[in-house]
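One line per chain: the protein sequences are A and B, in this order. Take 1 as the starting number for the first sequence in the working numbering and just add one per residue. Take 398 as the starting number for the second sequence in the working numbering and just add one per residue.
Number of protein chains: 2
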Amino acid sequence: MRILVLGGDGFCGWPTSLHLSARGHDVTIIDNFARRETDVELGAESLTPIRLLDERLDAWKGLTGRTIGFRHVDVARDYEGLEGALAELRPEAIVHFAEQRAAPYSMKSPRHKRYTVDNNINATNNLLCAMVEVCPDAHLVHLGTMGVYGYGKARGLMIPEGYIGATLRSGGVEADVEILYPPDPGSIYHMTKTLDQLLFQYYAKNDGLRITDLHQGIVWGTSTPETDLDERLINRFDYDGDYGTVLNRFLMQAAIGHPLTVHGVGGQTRAFIHIRDTVRCVELAATTPPRRGDRVRILNQMTECHKVRDLAAMVSGMTGVPVEHLPNPRKEAAENELVVQNAGLLGLGLTPTRLSDGLLHEVIAVAQRYADRCDPSRIVCTSTWVKPHPAARQAAE
Amino acid sequence: MRILVLGGDGFCGWPTSLHLSARGHDVTIIDNFARRETDVELGAESLTPIRLLDERLDAWKGLTGRTIGFRHVDVARDYEGLEGALAELRPEAIVHFAEQRAAPYSMKSPRHKRYTVDNNINATNNLLCAMVEVCPDAHLVHLGTMGVYGYGKARGLMIPEGYIGATLRSGGVEADVEILYPPDPGSIYHMTKTLDQLLFQYYAKNDGLRITDLHQGIVWGTSTPETDLDERLINRFDYDGDYGTVLNRFLMQAAIGHPLTVHGVGGQTRAFIHIRDTVRCVELAATTPPRRGDRVRILNQMTECHKVRDLAAMVSGMTGVPVEHLPNPRKEAAENELVVQNAGLLGLGLTPTRLSDGLLHEVIAVAQRYADRCDPSRIVCTSTWVKPHPAARQAAE
């Protein structure tokens, strides 16, 4: 299958590109290296020594004989470049990772909020526009987030896969319908994915585009069978307060003996998935497109739910590194429960990688190996969700 | 009250600015003249000879002694200019008309789709960002559209004001909640207003911004008591296939003896409001802000519903001009019913202007007065909603 991977140089995009290539697909990466530029902006590099994309691709070719193509295109700003690449490459599937994907980064300042909205929405809309023009039969596989559902309104409901049965009531009349789960995003970043959902819904309805939206949990781990083949194929490992995902931060902190930093009481229950399951899910989704005219297919790409404090306690118990509670920079419930439907990807053949499968130790080993590259000053999140009111700001001055 | 009107040079923005000034508010217009530039792009001027904004403002000052301020800022692209204007002017209310507002224009080409999404979403997000930074207590009054509700899923439900009671069902559990009415936009333009809704919901929740979203029906008429004071204050009258709203197009067609162009069978039922009610509604909303911490207040800004073919028959009956049915360029139901809740603005004091109030004749009189400025070649809509599939395109070549 001819597959384009937009954002194929990133944390999820790179191992996905390798996995798709290993499975025999004809893969081309499109990327603008925005994530590497953000490393420079934040002064926080990947813990693992990731290679430039050219070296990555050469190594893959040398090791496997397989070619992964590359086009340097800014999907959000270079529409002509994007449309030209689609027309030339005639993809059967397009995997869309080309969005700013960190909630704390999206909350740092007006500039970061605006960049996240501008980049993510224009990237998605440009892609949809270009597909209508040149490849309306291609299958778009988008990486969404479990965060579109929110964690405040569930009231004991299982989080369904995108759509939920509802009885609507107005003016004395009732109607039974199935609707998109009412979104309740907790950051600017998560909000952009709720906007994406409406873009997808519109283009599927008006233009008949075939779209799968994968609402992914928090990714942990860094290695896949393909990235393990050679150090030149190594994947990113973000540990900083902006891009480091919570479990990976704990594992990295454990590796260097830094206290495990829990925001608030750690009662937040979240959905998780290992990176090696991410790459499998994307292939399972890409190769099973919905039919033209179908509504957007939404699948929950996660394998298990845990409370943050339970993860910290587990890693602490394994390693002896203590837990430290910090003020929570996010505006979110201190405690929530979460039950998630994920029958879709299990039905397509996913066999979940569990936290209990020994991979926690494997990740700590990776973190220990590159511990000398860690800058401990980058570990703590410095973004805050709510700006003090001007009256409070004045009083503080 | 200090009020900013973003997009205050446009079809709704200009008479709103005059009305607010006449009511004693301290009004400043922010505009980038995008709508006038679009006239040039489309080669379709306002039927009425609108004056440059400087002349408009001078005339208003001369006639009434009241000053309306002006800042030339592109809200979607000049964040610093916008934030600076807010910091300097310290508005208590901000009326946000600064969006591309024509559905047919938004469907003309990939460039028009992309401009509409990019402009509308960045304008709204920039404004919300800047409010958080410099005037978090100001009240944002946004012009939404009845089109966010869609016309396909109602199933006999009255369209509520934004929120609808719902019983959600998942995993054997039920929850009674009030949710944003599930959106179902019918064009790229209407879709941008559904994205705006999610932006508002997010910023109201995270930052406590006070926001009113006015879901407006199709505006008809052109004159208000203030624009009638002097020809230099005259308002736009769009009659072209992109920007002309349906009833105004019929009235203008009647004035010049052009057949009344109905798309399809004309069974579309839509909500309408006269421009003089628009300006009153905006003042009623602006002066009654929700409290900080409230959810977004949503009001339906419309006064009556009609089927398109009934409007055409009414205008034809008044004038003897025949009705002509054209293929419908839109992807929409041929027939729909529509019942809309609008108790909110009525409760605030709106006395509706009805189609039966003689204003149909007044509008025809305006159109007849400027009939020599009409370019009949611009009357018919040339946008189409759906691009033929490549296979069909090839077959046609």
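Every residue, glycine too, gets a C-beta built ideally from N, C-alpha and C.
Residue i - DSSP class collapsed to helix/strand/coil
i, result
"Q594 of chain B", "helix"
"S106 of chain A", "helix"
"R295 of chain A", "coil"
"L840 of chain B", "Here chain B comprises residues numbered 398 to 794, so residue 840 of chain B is not present and cannot be evaluated."
"G459 of chain B", "helix"
"T67 of chain A", "coil"
"H703 of chain B", "strand"
"E161 of chain A", "coil"
"N517 of chain B", "helix"
"E571 of chain B", "strand"
"E729 of chain B", "coil"
"R236 of chain A", "coil"
"V321 of chain A", "coil"
"A527 of chain B", "helix"
"L813 of chain B", "The structure shown does not extend to residue 813 of chain B, since chain B spans only 398 to 794, so no value can be given for it."
"G421 of chain B", "coil"
"L626 of chain B", "helix"
"L209 of chain A", "coil"
"G583 of chain B", "coil"
"A709 of chain B", "helix"
"G13 of chain A", "helix"
"A138 of chain A", "coil"
"G549 of chain B", "coil"
"G147 of chain A", "helix"
"T287 of chain A", "coil"
"T666 of chain B", "strand"
Cβ neighbour criterion (16 or more within 10 Å) applied to residue i
i, result
"A590 of chain B", "Rather than Ala, the amino acid found at residue 590 of chain B in this sequence is Lys. K590 of chain B should be labelled buried."
"R727 of chain B", "buried"
"M492 of chain B", "For the sequence presented, residue 492 of chain B should be read as Val rather than Met. Classification for V492 of chain B: buried."
"P719 of chain B", "exposed"
"T382 of chain A", "exposed"
"L182 of chain A", "The sequence shown places Pro at residue 182 of chain A, not Leu. Buried, by the Cβ-count rule."
"H422 of chain B", "buried"
"V173 of chain A", "exposed"
"P225 of chain A", "exposed"
"V148 of chain A", "buried"
"A731 of chain B", "exposed"
"P49 of chain A", "exposed"
"P104 of chain A", "buried"
"R291 of chain A", "exposed"
"G618 of chain B", "buried"
"K398 of chain A", "An answer regarding residue 398 of chain A cannot be provided, because it is not within the stretch 1 to 397 covered by chain A."
"D674 of chain B", "buried"
"E99 of chain A", "buried"
"T145 of chain A", "buried"
"E45 of chain A", "buried"
"P185 of chain A", "buried"
Partner residues on chain C for residue i, Cβ-Cβ distance less than 8 Å
i, result
"M191 of chain A", "Going by chain labels, chain C is absent from the structure shown, which instead holds the protein chains A and B."
Checklist entry - Does the stretch 681-691 of chain B come close enough to the stretch 614-630 of chain B to have 3 or more Cβ pairs within less than 8 Å? => result no
Item to check | Within 7 Å of chain B by C-beta, residues of the stretch 140-166 of chain A in sequence order | outcome: K153, R155, G156, L157, M158, P160, I164, G165 and A166
Next on the checklist: Which complete alpha helix (DSSP H) runs does the stretch 334-388 of chain A hold, if anything under 4 residues is left out?
Outcome noted: 343-348 and 359-369
Item to check | Complete beta strand (DSSP E) runs within the stretch 424-498 of chain B (minimum length 3 residues, chain order) | outcome: 466-469 and 490-493
Checklist entry - When the Cβ atoms of the stretch 545-561 of chain B are set against those of the stretch 507-526 of chain B, are three or more pairs found closer than 8 Å? => result no
Checklist entry - Listed from N- to C-terminal order along the chain, which residues in the stretch 243-257 of chain A have their beta-carbon within a distance smaller than 9 Å of any beta-carbon of chain B? => result none
Checklist entry - Looking at C-beta atoms only, is the number of pairs between the stretch 301-311 of chain A and the stretch 238-245 of chain A that lie closer than 8 Å three or more? => result no
Checklist entry - For the stretch 455-483 of chain B, which residues have a beta carbon sitting closer than 8 Å to at least one beta carbon of chain A? => result Y476 and E480
Checklist entry - Residue ranges of each beta strand (DSSP E) run of no fewer than 3 residues wholly in the stretch 242-267 of chain A, ordered along the chain? => result 260-263
Checklist entry - Any residues in the stretch 482-502 of chain B with a beta carbon nearer than 9 Å to a beta carbon of chain A? Which ones, in chain order? => result none
Next on the checklist: What are the residues in the stretch 565-588 of chain B lying within 7 Å of chain A by C-beta distance?
Outcome noted: L565, R566, S567, G568, V570, A572, V574, I576, L577, P579, P580, P582 and M588
Checklist entry - Hey, is the stretch 27-46 of chain A in contact with the stretch 69-84 of chain A, meaning 3+ C-beta pairs nearer than 8 Å? => result yes
Checklist entry - For the stretch 678-711 of chain B, which residues have a beta carbon sitting closer than 7 Å to at least one beta carbon of chain A? => result none
Next on the checklist: What are the residues in the stretch 512-524 of chain B lying within 8 Å of chain A by C-beta distance?
Outcome noted: V514, D515, I518, N519, N522 and N523
Next on the checklist: Within 8 Å, do at least three Cβ pairs link the stretch 590-605 of chain B to the stretch 648-662 of chain B?
Outcome noted: no
Checklist entry - Does the stretch 664-682 of chain B come close enough to the stretch 736-753 of chain B to have 3 or more Cβ pairs within less than 8 Å? => result yes
Checklist entry - Are the stretch 75-93 of chain A and the stretch 131-138 of chain A touching by the rule of at least three beta carbon pairs closer than 8 Å? => result yes
Item to check | Selection of the stretch 206-219 of chain A by Cβ proximity to chain B, strictly under 9 Å | outcome: N206, D207 and G208
Checklist entry - Going along the stretch 714-741 of chain B in order, which residues come within less than 9 Å of chain A, judged by CB to CB distance? => result K728, V736 and Q738
Item to check | Near-chain B residues of the stretch 343-374 of chain A (beta-carbon distance less than 7 Å), N- to C-terminal order | outcome: none
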